[in-house]
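*Asks:*
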Amino acid sequence: MIADQAGLRRESIYRYHFDNMEDIIEKIHFLIDKDIDDEITKFMIGTNTNIVKFVSHTLLPLLYARKDWIKVLCETNVDPNWLNFLQEKYVPVVESYLDKIGKKEIFSNAYLANILLKEFLSILSTWLTDDSPEPVSLFQKKFLYLLSLSPADMANVKMPKRKTNR
778 MIADQAGLRR ESIYRYHFDN MEDIIEKIHF LIDKDIDDEI TKFMIGTNTN
828 IVKFVSHTLL PLLYARKDWI KVLCETNVDP NWLNFLQEKY VPVVESYLDK
878 IGKKEIFSNA YLANILLKEF LSILSTWLTD DSPEPVSLFQ KKFLYLLSLS
928 PADMANVKMP KRKTNR
């Protein structure tokens, strides 16, 4: 599957490019994550303090551009540690963000960071693993809307009635 995505024969990948599957997975992580990591670094040292808008406006387009790779990682057993990789890498970032904005709750910022990241990942992976994910311009509003709801709201939410044209 990875060879197909790269446009190479499986034998060529091992013979000329990588020593083992772990090297391939590491390279895929790097290819997916490089621009995202750069943008997160800029966000964390900048003065913008709205992580939800940052994810919506900056990260969604980058993730959408890599949707094929993300779909493979989320829906196959090519990399069973994909979600663990994301958790280990980004929970400290989200926790640092919460510390930076002075977030203090009855839960620790580490606990809240885990919940927030899992919420982001759940929404994003559901979107990007769809057979035909909506373009970013259409999904951004839905992403923001979903994040504004609690799980209890989602279970009980009534969608506004659509206006009919007559």
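Its first residue numbered 778, the sequence shown is counted upward by one per residue in my numbering. Beta carbons are placed, not taken as given, at the ideal position from N, Cα and C, and that holds for glycine.
1) With a Cβ-Cβ cutoff of 7 Å, do Ile809 and Trp846 count as a contact?
2) With a threshold of 16 other CB atoms inside 10 Å of the CB of Ile817, please say whether the residue is buried or exposed.
3) Relative to the alpha-carbon of Lys944, which residue among Val870, Leu850, Val871, Ser885 has its alpha-carbon at the smallest distance?
4) Going by C-alpha to C-alpha distance, which of Lys918, Leu839, Glu872 sits closest to Leu960?
5) If Thr762 sits next to Lys848, beta carbons under 8 Å apart, how far is it from one beta carbon to the other, in whole angstroms?
6) Tell me the start and end of each unbroken alpha helix (DSSP H) in the segment 859-941 that is at least 4 residues and wholly inside, in chain order.
7) Could you tell me the distance, in whole angstroms, from the CA atom of Glu911 to the CA atom of Ala887?
8) Could you spell out the range, first to last residue, of the alpha helix (DSSP H) harbouring Leu839?
9) So, with DSSP's three-state summary, where would you put Asp796?
10) What separation, rounded to the nearest whole angstrom, lies between the Cα atoms of Gln917 and Gln864?
11) Could you give the distance in angstroms between the alpha-carbon of Thr903 and the alpha-carbon of Val913?
12) Does DSSP classify Val855 as helix, strand or coil?
13) Per DSSP, what kind of secondary structure is Thr818 in: helix, strand or coil?
14) Go ahead and label Leu915 buried or exposed: buried means 16 or more other beta carbons lie within 10 angstroms of its beta carbon, across all protein chains shown.
15) Identify which residue in Ser927, Asp876, Ser885 has its Cα closest to the Cα of Phe897.
16) Let me make sure I understand the geometry here. Which of Val870, Glu852, Lys880 has the alpha-carbon closest to that of Asp908?
*Replies:* Per the coordinate set shown:
1) Their beta carbons are under 7 Å apart, which means Ile809 touches Trp846 by this criterion.
2) buried
3) In this structure the chain extends from 778 to 943, so residue 944 is not present and cannot be described.
4) The requested residue 960 does not occur in the structure, where the chain is confined to residues 778 to 943.
5) Nothing about residue 762 can be read from this structure; the chain reaches only from 778 to 943.
6) 859-877, 886-905, 913-925, 928-933
7) 32 Å
8) 837-842 is the span of the alpha helix (DSSP H), which, as asked, contains Leu839.
9) coil
10) 23 Å
11) Straight-line Cα distance between these residues: approximately 14 Å.
12) If DSSP states are grouped into helix, strand and coil, Val855 belongs with coil.
13) helix
14) exposed
15) Ser927
16) It is Glu852 whose Cα lies nearest to the Cα of Asp908.
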